[in-house]
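Let me begin by presenting the structure, written as structure tokens, before commenting on it.
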Amino acid sequence: EELPEPPKEKRRVKVLYVEADEDHVAGQDGKKYLPRLVYIHEGKEEVGKGRFKLKRPYYLGGIYPDTDELWLDV
52 EELPEPPKEK
62 RRVKVLYVEA
72 DEDHVAGQDG
82 KKYLPRLVYI
92 HEGKEEVGKG
102 RFKLKRPYYL
112 GGIYPDTDEL
122 WLDV
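For the sequence shown, my numbering begins at 52 and goes up steadily by one.
Right, here's the structure in full:
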């Protein structure tokens, strides 16, 4: 599977957030899976009263054999 293209030019940011999560999912084949999701962003901004969106988010996820494989992609 192919990863998204990185930006052409590098940017400097004051703070870069890297957040990760996983979930336990029962497959129809009887096996259990651990899909993992990572999102990298520059913080959040308010778009309404009590509503926020991430600044420049980049998402990465999938089913990895272990967390080391996931972090190699990050």
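Backbone N, C-alpha and C define an ideal beta-carbon position, used for all residues, glycine too.
*Under 8 Å Cβ to Cβ from Val76, same chain only, skipping five residues before and after it: list those, please.*
The residue given as residue 76 occupies position 25 in the sequence shown. If you ignore the 5 residues before and after Val76, its C-beta comes within less than 8 Å of the C-beta of Lys83, Tyr84, Leu85, Pro86, all in its own chain and listed in chain order.
*asked:* Going by DSSP in three states, Leu67 sits in which element: helix, strand or coil?
replied: Residue numbering aside, residue 67 sits at position 16 when the sequence shown is read from its first letter. Residue state, collapsed to three classes: coil.
_Cutting at 6 Å between CB atoms, please list the residues of its own chain near Val64, excluding the five before and the five after it._
Locating residue 64 in the sequence shown gives position 13, counting from the first residue. The residues are Glu93.
*Please go through the same chain and pick out, in chain order, the residues whose beta-carbon is closer than 8 Å to the beta-carbon of Gly112, but skip the five residues on each side of it.*
Translated into positions along the sequence shown, residue 112 becomes position 61. Pro86, Arg87, Leu88, Val89, listed in sequence order.
_Does Glu93 come out as helix, strand or coil in the three-state DSSP assignment?_
In the sequence shown, counting from the first residue as 1, residue 93 sits at position 42. Glu93: coil per DSSP, three-state reduction.
*asked:* At the level of alpha carbons, what is the spacing between Asp119 and Pro108?
replied: As a position in the sequence shown, residue 119 is number 68, starting the count at 1. As a position in the sequence shown, residue 108 is number 57, starting the count at 1. Cα atoms of Asp119 and Pro108: separation of roughly 22 Å, rounded to the nearest angstrom.
*Return the chain-ordered list of same chain residues with a C-beta closer than 6 Å to the C-beta of Val69, the five sequence neighbours on each side being excluded.*
Here residue 69 corresponds to residue number 18 of the sequence shown, with the count starting at 1. Excluding five sequence positions before and after Val69, the CB atoms of its chain that fall closer than 6 Å to its own CB belong to Ile91, given in chain order.
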